[in-house]
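Novice: Here it is, the structure, as structure tokens.
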Amino acid sequence: MSYQPIFAEFWEKVKESITDKTYAKLTLAKTIGDTDLKNIYVRPVLLDNDVFALSLTAKYKTEEIESTHTLDEAFMVLAPYMNNPFLTALLFTTEKDITFKLNKKRVASIVEKSPTFKNASDVIIAMKEKGISI
Numbered sequence: 006m007s008y009q010p011i012f013a014e015f016w017e018k019v020k021e022s023i024t025d026k027t028y029a030k031l032t033l034a035k036t037i038g039d040t041d042l043k044n045i046y047v048r049p050v051l052l053d054n055d056v057f058a059l060s061l062t063a064k065y066k067t068e069e070i071e072s073t074h075t076l077d078e079a080f081m082v083l084a085p086y087m088n089n090p091f092l093t094a095l096l097f098t099t100e101k102d103i104t105f106k107l108n109k110k111r112v113a114s115i116v117e118k119s120p121t122f123k124n125a126s127d128v129i130i131a132m133k134e135k136g137i138s139i
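Laid out in structure tokens, this is it:
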């Protein structure tokens with residue numbers, strides 16, 4: 006069975022956390038072997054006219070590359086990185102930590118744990134204060 010449907014389910018939880026204003030941060034991590042790309046960090050940003058977007062920071066061994074995308078574009082950009090090179094995506098919210106994992110046989114699962122963060126991202130807090138929804 007492919008891991009993509011489960012990653013899509015995980016992405017729905019990302020969207021919910023943004024809509025519910027509980028999103029703290031998202032990280033793609035745990036690479037397969039020694040790769041040039043080490044992590045991808047996803048953080049919310051407000052562009053001109055209070056337009057919501059996601060900033061993706063790809064951390065390589067020698068550089069960082071940042072790009073900005075809509076919520077749907079971010080899914081399309083990030084999905085191909087799962088299984089090549091990342092095995093884990095960690096969503097931190099104020100309600101729970103949600104982890105998408107691929108095991109050695111590339112079977113996907115979603116695990117929920119107690120929250121690490123007490124506060125949502127600063128941008129999410131600003132959105133709540135301004136009454137901005139996505």
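Under this note's numbering, the first residue of the sequence shown is numbered 6, with each subsequent residue one higher.
Using N, Cα and C, we set each Cβ at its ideal position, and we do this for glycine too.
I'd like to know whether the C-beta atoms of Thr62 and Glu68 end up nearer to each other than 7 angstroms.
Specialist: Counting from one through the sequence shown, the residue named residue 62 turns up at place 57. Counting from one through the sequence shown, the residue named residue 68 turns up at place 63. Cβ atoms of Thr62 and Glu68: not closer than 7 angstroms.
Novice: Starting from the N-terminal side, write out each stretch of the alpha helix (DSSP H) that is 4 residues or longer and does not extend beyond the stretch 32-70.
Specialist: Complete alpha helix (DSSP H) runs here, min 4: none at all.
Novice: Where does the unbroken beta strand (DSSP E) through Val116 begin, and where does it stop?
Specialist: In the sequence shown, counting from the first residue as 1, residue 116 sits at position 111. Counting along the chain, the beta strand (DSSP E) containing Val116 begins and ends at Ala113 to Lys118.
Novice: In the DSSP assignment, the beta strand (DSSP E) including Ala94 goes from what residue to what residue?
Specialist: As a working mapping, residue 94 is identified with position 89 in the sequence shown. It spans Phe91 to Thr98 - the beta strand (DSSP E) in which Ala94 sits, taken as one unbroken run.
Novice: Just tell me which of Phe105, Leu33 and Thr99 has its CA closest to the CA of Ser119.
Specialist: As a working note, residue 119 is residue 114 in the sequence shown. Residue Thr99 is the option with its Cα nearest to Ser119.
Novice: Return the CA-CA distance between Phe91 and Lys66, expressed in angstroms with no decimal places.
Specialist: Position 86 of the sequence shown, counted from the start, is the residue given in the question as residue 91. Position 61 of the sequence shown, counted from the start, is the residue given in the question as residue 66. Looking at the two C-alpha atoms, the distance is approximately 15 angstroms.
Novice: Mind checking whether Leu51 and Val128 have CB atoms under 7 angstroms apart?
Specialist: The residue given as residue 51 occupies position 46 in the sequence shown. The residue given as residue 128 occupies position 123 in the sequence shown. It is a contact, given that the beta carbons lie within the stated cut-off.
Novice: Within 10 Å of its beta-carbon, does Ala79 have 16 or more other beta-carbons around it, so buried, or fewer, so exposed?
Specialist: Sequence index remark: in the sequence shown, residue 79 carries index 74 (1-based). Per the 10 Å Cβ criterion, buried.
Novice: Just to confirm, is the Cβ distance from Phe97 to Phe122 under 7 angstroms?
Specialist: In the sequence shown, counting from the first residue as 1, residue 97 sits at position 92. In the sequence shown, counting from the first residue as 1, residue 122 sits at position 117. Cβ atoms of Phe97 and Phe122: closer than 7 angstroms.
Novice: Going along the chain, which residues of its own chain have a beta-carbon closer than 6 angstroms to the beta-carbon of Lys64, five neighbours each way excluded?
Specialist: Counting from one through the sequence shown, the residue named residue 64 turns up at place 59. Same-chain partners within the cutoff: Lys43 and Asn44.
Novice: Could you tell me the boundaries of the beta strand (DSSP E) in which Asp163 lies?
Specialist: In the structure as shown, the chain starts at 6 and stops at 139, and residue 163 therefore has no counterpart that could be examined.
Novice: Enumerate in chain order the residues of its own chain whose CB-to-CB distance from Thr36 is below 8 angstroms, with the five nearest sequence positions on each side excluded.
Specialist: Residue numbering aside, residue 36 sits at position 31 when the sequence shown is read from its first letter. Counting only Cβ-Cβ distances below 8 angstroms, and skipping sequence neighbours, we find Leu42, Lys43, Pro90, Phe91 and Leu92.
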